[in-house]
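From first to last, the protein sequence lines are chains U and P. Numbered by our numbering, the letters in the first sequence go through residues 1 to 471 in order. Numbered by our numbering, the letters in the second sequence go through residues 472 to 942 in order. One structure is given below, encoded as C-alpha cells.
There are 2 protein chains.
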Amino acid sequence: MIVPVIVSGGVGSRLWPASRQSHPKPFLPLENGRSLLLNTYERAASLESVADVVTITARDSSFKTVDEYEHYDGGPVRNHYLLEPQGRDTAAATAVAAAYVAGAFGDDAIILLLPADHVILDREGFRAAVAKAAQRASEGRIVTFGIEPTGPETGYGYIEVDGENAVRFVEKPDVATAQSYLESGRFLWNSGMFCFAAGSMITAMQDLCPEILEKSRLAIEKGDREEFDDGRIETTLDGETFAGVPKISVDYAVMEKVKNLSVIRADIGWSDVGTWSSLSESFARDADGNSAIGDVAMVGAHNCFVHSENRLVGLVGVDDIAVVDTRDATLVVKKDKAQDVKALFEQLRDAGHEAHASFPKGRRPWGSYTILDEGPGYKVKRIEVRPGGCLSLQSHKHRSEHWTVVQGVAHIVNGDANLVLEANESTYIERGNIHRMENRGKEPMTLIEVQTGGYLGEDDIVRYEDIYGRS
Amino acid sequence: MIVPVIVSGGVGSRLWPASRQSHPKPFLPLENGRSLLLNTYERAASLESVADVVTITARDSSFKTVDEYEHYDGGPVRNHYLLEPQGRDTAAATAVAAAYVAGAFGDDAIILLLPADHVILDREGFRAAVAKAAQRASEGRIVTFGIEPTGPETGYGYIEVDGENAVRFVEKPDVATAQSYLESGRFLWNSGMFCFAAGSMITAMQDLCPEILEKSRLAIEKGDREEFDDGRIETTLDGETFAGVPKISVDYAVMEKVKNLSVIRADIGWSDVGTWSSLSESFARDADGNSAIGDVAMVGAHNCFVHSENRLVGLVGVDDIAVVDTRDATLVVKKDKAQDVKALFEQLRDAGHEAHASFPKGRRPWGSYTILDEGPGYKVKRIEVRPGGCLSLQSHKHRSEHWTVVQGVAHIVNGDANLVLEANESTYIERGNIHRMENRGKEPMTLIEVQTGGYLGEDDIVRYEDIYGRS
Chain U
1 MIVPVIVSGG VGSRLWPASR QSHPKPFLPL ENGRSLLLNT YERAASLESV ADVVTITARD
61 SSFKTVDEYE HYDGGPVRNH YLLEPQGRDT AAATAVAAAY VAGAFGDDAI ILLLPADHVI
121 LDREGFRAAV AKAAQRASEG RIVTFGIEPT GPETGYGYIE VDGENAVRFV EKPDVATAQS
181 YLESGRFLWN SGMFCFAAGS MITAMQDLCP EILEKSRLAI EKGDREEFDD GRIETTLDGE
241 TFAGVPKISV DYAVMEKVKN LSVIRADIGW SDVGTWSSLS ESFARDADGN SAIGDVAMVG
301 AHNCFVHSEN RLVGLVGVDD IAVVDTRDAT LVVKKDKAQD VKALFEQLRD AGHEAHASFP
361 KGRRPWGSYT ILDEGPGYKV KRIEVRPGGC LSLQSHKHRS EHWTVVQGVA HIVNGDANLV
421 LEANESTYIE RGNIHRMENR GKEPMTLIEV QTGGYLGEDD IVRYEDIYGR S
Chain P
472 MIVPVIVSGG VGSRLWPASR QSHPKPFLPL ENGRSLLLNT YERAASLESV ADVVTITARD
532 SSFKTVDEYE HYDGGPVRNH YLLEPQGRDT AAATAVAAAY VAGAFGDDAI ILLLPADHVI
592 LDREGFRAAV AKAAQRASEG RIVTFGIEPT GPETGYGYIE VDGENAVRFV EKPDVATAQS
652 YLESGRFLWN SGMFCFAAGS MITAMQDLCP EILEKSRLAI EKGDREEFDD GRIETTLDGE
712 TFAGVPKISV DYAVMEKVKN LSVIRADIGW SDVGTWSSLS ESFARDADGN SAIGDVAMVG
772 AHNCFVHSEN RLVGLVGVDD IAVVDTRDAT LVVKKDKAQD VKALFEQLRD AGHEAHASFP
832 KGRRPWGSYT ILDEGPGYKV KRIEVRPGGC LSLQSHKHRS EHWTVVQGVA HIVNGDANLV
892 LEANESTYIE RGNIHRMENR GKEPMTLIEV QTGGYLGEDD IVRYEDIYGR S
C-alpha cells in the first residue's frame, strides 16, 4: 500500500508575475493547460496500489486545491487534506505526513512524499523508480530519489552517493564545484522526493528531532477534522501547536543524519521548474525553438517562451527570452538570467508595489472575481459564481455595490428582499445592507459589480453566514 | 508671413501596438508626455511671425487633433483644419495647402509644410533653418530641408545636392549604397519638410500636375466650411472631388521635376521616428542606457526602451530591446529589428486579428471610452465625459445598458425621463429607449456602462441629435 503525500507550499518568486502569494507556483499551467499541482496529483493518484492521496497545503489554498483535483479523470481516490495555518518548512510537513498516515493506515503504509511543483516528463520511468523505492521502503529503509545530473546545475542541491547509499547532502554549489560533481559521477541532484514506511520515519524522528515529531502529531490531534459529502477528509492543524514546531528542512533535520538512507538513481525527466527558463524546458518547441501558451505572434524570434494570460503578445527579432504577460504585470527576461527574477520580485516587494503579492484575479470557494477597473472612489469587478456556489451573507461599512447579472441566474438577498435576477437585470446594494448572491442553477452565473465608496479594501466585510465556514 | 501647414496622416504600422488605425502615430507620446503631433504644433506655432496654423488631417481624427492643440500654452494662434475624407498622399495635401493658403492669405504667404509625426530635438536650429528657408521662399524658390546624415541609414530617402541646389531624389538605398552616400558628402536625408510661397507651388503644379492642383482646389471650394466659437475654421474637403485626385507623393509629382528646388542643410536633431528604435532615441537614457514611459522596474537590463500604458513592466537581464505594453497587446522587439514590426502587423492584419486595427480605448468629441471586459452577451465600458461634453441622443436596437455614475454629475435622458445622477447612482436604459448623457459640470464625469444583448457592435446606434454634427 502506497500513500502519496503531496506537499504544496512556497510562492515561487522566480516565477513572478504568474506566481504570487495569492496564486503560488503549484497553480501555474504546464503545456497541457493543467497546473503543476494537478500534474503531480495525476502522476501520484494513477500509481498502482494507490487508493488514498494526502495533500499538505496552506489553509488558504485548500479550496483552490480541491478545485484542481476535480479535473482528475482517473479512478476513484479518497483525498485527505492536512491544512497548515502557516508554513513550517519540510521537516514539519514530513512529520505531519508520517504521523497522519501511521494513524490512518498503520506503521507499514509506504509514504511517497512529493513536492507539488516539480515536473517529471517520463511517467513510466517515475513508476519504475517508485516501485523500486517502495520495495526498499518496505524493508525499513528511508529512500531518496537522486536525479542523474544532465549538466553542472547550480540551482539544485546534490547528494553524494556510494552505490545505493547516500554519503552526504550538499547545498547548491558554484559552477566549478558543480562541474567537478558532474565529472565525478558520484553526485546526483536532490529531488526532494522521498519514500519510506510511516513507522520508519517516526522511529528516525523520535531519535533525530523528537520535538518536531511530537508537536506535529499534537497539531493533528488537536486539529479540526471534517469529512465532506464528496468523501474528502480535511484536517486543519491546530494553529497554536503547529506554530511551535521548529522551522527546518527535512534534509537538515533527518536526511543528513539518518543511518539507513538509500538512494534510487532516477533518470525520469525531472525538473523543479524553479525559473521561467526551466519551466519552458518542459514545453515542446517549434522549428525555431519557440514555445508558448496563450495568444502569441512571432516574426524572426528564436528559442523564446511566452506565457500570456489575457492579451496578444508579439515578438520580433528576439532570441532566448521568456515573456510572461498577466493582467497587471508583464515580465521580459533573458532565459539565462531567469534566476534574477527573484531580485526583481524583491525590489517590487521592498518598494511596496502592489503587483508583487496581489493578483487581480482571485479564486474563492464559490468561484472567482477579477478586478476590471479601479479609480478614485470606485472599483469594477467581474464576479463568476459556479453552480451551487454561494457567497457569504455579508455587509460593508464603507461601500455600496451595483450588481448587474450578465450570465445565468442569481438568487440574491438584498436587505429584506429576496430577488431572482437573470441576465440584464440589476440591483443596488446600499452601504450597510446585508446581502448575498448565490447560483442555484446548473450553469455559471456572471455578474458585474460596481463598487463606490470612500474605502474599497477587501477587508471591509462583516460575514453573518458562510457555507464555507468563513464567518 | 509664415503659415505652417501640418500634415497629419498615416498609421505607423511599425509602431504597433501603440499606434493603430484608430489611434495613429501622431498621437504617440514623447518623453515630455506630449504627443508627436502636439510637439510639432508647438514647434510651428511658436515661430515668429506665425499667427495662423493650418492642419491637414483625416476627418475622423479632427476632434482628437483639436484636443491635442488645446494643450498648447503659447500665444494666440488661429487654427485652420482641412479635413480629408480619405488620404490621397502628399501631392494632394500639398496642393490643398497651397490652394487654401493662397485663397486665405494671398500668393505671397510662405507655407512651411511639416509632417506631424517627426521629432526635432534642436528647436533653435529648426528656427534658424526655417528663417533661411523662408528668405529663399520669398525669392520665389521651392525649398526642401535636407538633413545631414549621421549614419548609413536605409530607412530614409536621400537628396543629392550640389551647393544649394537639389540634383535628384533617391529612394531608400541598401546599406552599401547608403554608405557610399554618406562618404560622398553629396547626399542628405529627405525630411519631407518644405517651404515655399503659396503662389510658387501653384505655378509649379500648374505646370507639373495640373489635375492634382485643380481637383484639390475644387475639393476646397465644394467643401464644407465651418467657423467655431473658439475661432477655429474647419473645411471638410468634398469627398467625391477629393477621391478623384491622383494619389502620388509630392516628391514624384513635383520635387523631382521642379526647376528651382533649393536645399537647406539642416543639422537639427531630426528623426522620422518611424520605429520603436528611432522613437526611443529621442528619450534621455539612464546610466544603463535605458529609457521608459510608464510603470517599469528593471534588473540587469541595458539599452532598453519601455512604453507602458496600463501595467507594470519588469525587465530582467535583457539588452537592446523595446517593450510596448498596451491594454490588449504587448510587443517585445529587438531594437535592430524594429523595422520588422511591420511584418508582424501585416501578419496580424492578414489573420484578421482584432488587435491590428482597433484599440480598446476610443476618443470621442465628448471624451473617451475604454472597454474593460467583454464576454458572451455583455460588454463593460468606462465612459469619461469631459466638462461640457454631451453624447448624441441615441438608441440601440439590440442592446440594453446599465449606467452607474462613479465620478461627477451626469445629466441623463432616459426615454421620457430627465435624470441628474451623482456618483453611486444608476439607471437602466432599456433596449430601444432613446437616451443621452451629458456633463454640465466643471469636473470630469465617469460612468460604468454594462451592456447586455445579442449584438454589441459599435454600429448598433441610431443618432437623433448630436452637438458634434454626427447625426
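We put the beta carbon where it would ideally sit given N, CA and C, even for glycine.
For Ile142(U), the secondary structure class from DSSP, reduced to helix, strand or coil, is strand. Taking a C-beta distance under 8 Å as the contact criterion, Ile900(P) and Ser871(P) qualify as a contact pair. Taking the C-beta atoms as reference points, Ala322(U) is found nearer than 8 Å to Ala338(U).
Proximity of the segment 832-842 of chain P to the segment 809-824 of chain P falls short of the contact definition, fewer than three beta-carbon pairs being nearer than 8 Å. Secondary structure of Trp276(U) (DSSP, three-state): helix.
Going by DSSP, Ile630(P) is part of the beta strand (DSSP E) stretching over Tyr629 to Asp633. In terms of CA proximity to Thr154(U), Ala176(U) leads the group Gly163(U), Ala176(U) and Tyr378(U).
With contact defined as three or more Cβ pairs closer than 8 Å, the segment 647-656 of chain P and the segment 610-626 of chain P are in contact. Beta-carbon to beta-carbon, Val548(P) and Val474(P) are separated by about 11 Å, too far to satisfy the 8 Å threshold.
Taken atom to atom, the span from the alpha-carbon of His396(U) to that of Gly441(U) is near 27 Å.
Here Asn889(P) has His882 and Ile883 as same chain residues with Cβ atoms under 8 Å from its own Cβ, once five neighbours each way along the sequence are excluded. The segment 536-550 of chain P makes no contact with the segment 682-695 of chain P; the number of CB pairs closer than 8 Å stays below 3. Chain-order list of chain P residues neighbouring Ile383(U): empty, with the shortest C-beta distance near 11 Å, by a criterion of under 7 Å. The secondary-structure analysis by DSSP pairs Pro475(P) across a beta bridge with Leu583(P).
Ala253(U) and Gly300(U) have their alpha carbons spaced roughly 51 Å apart. Along the segment 774-786 of chain P, going in chain order, the ones with a CB nearer than 7 Å to a CB of chain U are Arg782, Leu783, Val784, Gly785 and Leu786. For Gln179(U), the enclosing alpha helix (DSSP H) has its first and last residue at Val175 to Ser184. Here Ile673(P) carries a helix assignment [DSSP, helix/strand/coil]. Between the segment 142-149 of chain U and the segment 113-125 of chain U, the count of C-beta pairs closer than 8 Å stays below three; the two stretches do not touch. The beta carbons of Ala137(U) and Ile110(U) sit about 5 Å from each other, so the pair counts as a contact at 8 Å. Ser61(U) carries a helical assignment under DSSP once its states are collapsed to helix, strand and coil.
With the rule of 3 Cβ pairs closer than 8 Å, the segment 515-532 of chain P does not count as touching the segment 658-677 of chain P.
Interface flag for Asp325(U) against chain P is set, since a Cβ pair is found closer than 8 Å. With a 10 Å radius around the Cβ and a threshold of 16 neighbouring Cβ atoms, Gln394(U) comes out buried. Neighbours of Lys442(U) across chain P, judged by C-beta separation under 8 Å, do not exist; the nearest C-beta is about 17 Å away.
Contact with chain U is found for Ile919(P), since one of that chain's Cβ atoms lies less than 8 Å from the residue's Cβ. A distance below 6 Å between beta-carbons, with the five flanking residues on each side excluded, links Arg225(U) to the following residues of its chain, in chain order: Thr235. Under DSSP, Tyr849(P) forms a beta bridge with Gly846(P) and Thr923(P). Around the CB of Val716(P), 16 or more other CB atoms lie within 10 Å, so the residue is classed as buried.
Between the alpha carbons of Val306(U) and Asp336(U) lies a gap of roughly 15 Å. Among the residues facing chain P, Val299(U) is included, as its CB has a counterpart in that chain under 8 Å away.
Nearest CB-CB separation between Asp328(U) and chain P: below the 8 Å threshold. Among the residues facing chain P, Lys361(U) is not included, as its CB has no counterpart in that chain under 8 Å away. For Val385(U) against Met298(U), the beta-carbon gap comes to about 38 Å, at or over 8 Å, which does not count as contact. The three-state reading of DSSP puts Arg363(U) in strand, counting E and B together. In the displayed model, Leu82(U) falls within a strand according to three-state DSSP.
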